[in-house]
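If you read the sequence shown in my numbering, its first letter stands for residue 1371, the second for the next number, and so on.
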Amino acid sequence: MTNVAILGFGVVGSGVAKLITDNKNEVSKLGGDDINIKYILDLRDFPSSPFADKVIHDFDTILNDPEIDTVMEVMGGSHPAYEYTMALLKAGKNVITSNKEVVANFGDEFLLTAKERGVSYRFEAAVGGGIPVLSPIINCIGQNKVLEVRGILNGTTNYILTEMFTKGKSFASALSDAQEKGYAERNPDADVLGTDACRKIAILTALVSGKLIPTDSIHTEGIVNIRESDVAAAEAFGCTIKLVGRGIVGEDKPLALVSPFLIPKDMPLSQVAGVYNAVEVIAEPLGNVMFYGQGAGAGATASAVVGDLMQVMCSGTHCHAPVFTKFADVIDSAALTSCFYLAFDKNDREKVSAVFEGAKTVENGTEIAVLTAAMSGKEISEKLSANSLSPLSRIRCIF
Ligand code: HSE
């Protein structure tokens, strides 16, 4: 019998307890042992839950119980998740988490401590929810030279953008619909401003480059400024708009950013709709590989957490990602070369045609939209400024 504890009994924690209980046979078979949820730590009581008798309020009970050798931290947030995780690893216990914030901020420290103590620290559920993506990147792709990892990493924003494109909704109306359906939080800032995707691309970039970029060094733009006229222009150019996290490995320094991108409709990433996530790895000699599935939700996220538990039970200690280190000396995202979508007031038509001669344009109500040739962010800023042009929108493209 393997005794485990769960820290946090919210959506993910209750999903983990339910999966371990409902799929008892599958879990025992794969893990090679029965699992007993001995403790669930939460501030609250859950008298009507079938797990009510497991709920405790004192973390030290778990820390000091020698029968507990693996703990699943599904509380979210940096604190006290950081302190609990560090204490557990130092006490020689394996830790599994779905908490992208704590991994993005402190994953380097946890992995080093786990290595030193001979235990596991695993975080499959922190990126892409139920999609098995981190384990394949570590275990199946590591022999390749990874050039880039990129993806649609936030289901809420992808739902909002999908509604804007397929139903003609404004950002505000699609957001309120996402809130009504329970996808977006009442305070949706972490999703719509790109913070959640930023944490996830920090983790993915660390896995493929060995360098954990502090999230405040990652250029992060959300989707709040995407207008209905941008959607119409993107459609006219045969594209959709997606919030994409990109981690480009580079020779010495990585480059990571999160921002909306125009993507042609024949590229696989553009087909990822609704709350679904996708992660694409571009590597040599492998080529492009894409992982696709449900990036959030109790069942999907619990699947990834319990999948990590199975790995710990089957593979023993030292079963985690290679150690990565904090690295803030990154390439400025303005150096990234891409085509740009720019929207201007129609009154600027003549100037726009002269400055972007030969570029594809569409006229769209009171606006004129352009797809530029490939250039860096710095070059486009200089060009616009030299010609006193102020675009209404400026969005990079992935072609
Ligand atoms: N808020 C996140 C999303 C949840 O919408 O994708 C999963 O990390």
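Idealized CB from N, CA, C, for every residue including glycine.
Suppose the cutoff is 8 angstroms on Cβ atoms and the five residues either side in sequence are ignored; what does the same chain contact list for residue i look like?
i	result
P1624	T1575, S1579, K1581, I1583, G1617, I1618, F1697, V1700, I1701
M1637	I1768
K1730	F1607, V1740, L1741
V1363	Given a span of 1371 to 1769 for the chain in the structure shown, any question on residue 1363 remains unanswerable.
In chain order, what residues of the same chain lie with their CB nearer than 7 angstroms to the CB of residue i, ignoring the 5 residues before and after it?
i	result
A1484	L1459, S1490, Y1491, H1690
F1429	L1411, Y1454
G1735	S1599
F1726	V1740, T1742
G1385	A1668, G1669, T1671, A1672
P1634	G1608, C1609, S1640, F1769
V1503	V1497, V1649, F1661
In angstroms, rounded to a whole number, what distance separates the CA positions of residue i and residue j?
i	j	result
P1630	R1414	39 angstroms
I1611	M1683	42 angstroms
I1593	Y1409	40 angstroms
T1526	E1494	19 angstroms
F1694	V1732	46 angstroms
F1661	A1756	42 angstroms
A1668	A1653	32 angstroms
L1531	A1544	8 angstroms
G1380	T1585	25 angstroms
A1461	N1557	36 angstroms
N1406	H1427	18 angstroms
G1677	G1477	19 angstroms
I1750	G1521	24 angstroms
V1659	N1434	43 angstroms
V1601	K1388	41 angstroms
S1540	E1437	54 angstroms
H1589	S1640	22 angstroms
Looking only at its chain, what residues have a beta carbon closer than 6 angstroms to the beta carbon of residue i, apart from the 5 residues adjacent to it on each side?
i	result
G1498	N1647, V1649, G1665
G1663	G1500, I1501
E1555	none
Exposed or buried, what is residue i when buried is set at 16 or more other beta-carbons lying within 10 Å of its beta-carbon?
i	result
N1595	exposed
C1609	buried
D1404	exposed
N1528	buried
D1561	buried
D1439	buried
D1423	exposed
N1464	buried
G1378	buried
T1707	exposed
Put residue i into one of helix, strand or coil per three-state DSSP.
i	result
G1620	coil
I1652	strand
T1736	coil
K1485	helix
Y1476	According to the sequence displayed, residue 1476 carries Phe and not Tyr. Residue state, collapsed to three classes: helix.
R1569	helix
N1464	strand
M1637	coil
I1768	coil
K1470	helix
S1763	strand
G1521	strand
Between the segment 1437-1454 and the segment 1532-1552, do three or more beta carbon pairs fall short of 8 angstroms? Inter-segment contact for the segment 1437-1454 and the segment 1532-1552 is absent: fewer than three beta-carbon pairs are separated by less than 8 angstroms.
Does the segment 1750-1766 come close enough to the segment 1704-1719 that 3 or more CB-CB pairs lie under 8 angstroms? Inter-segment contact for the segment 1704-1719 and the segment 1750-1766 is present: three or more beta-carbon pairs are separated by less than 8 angstroms.
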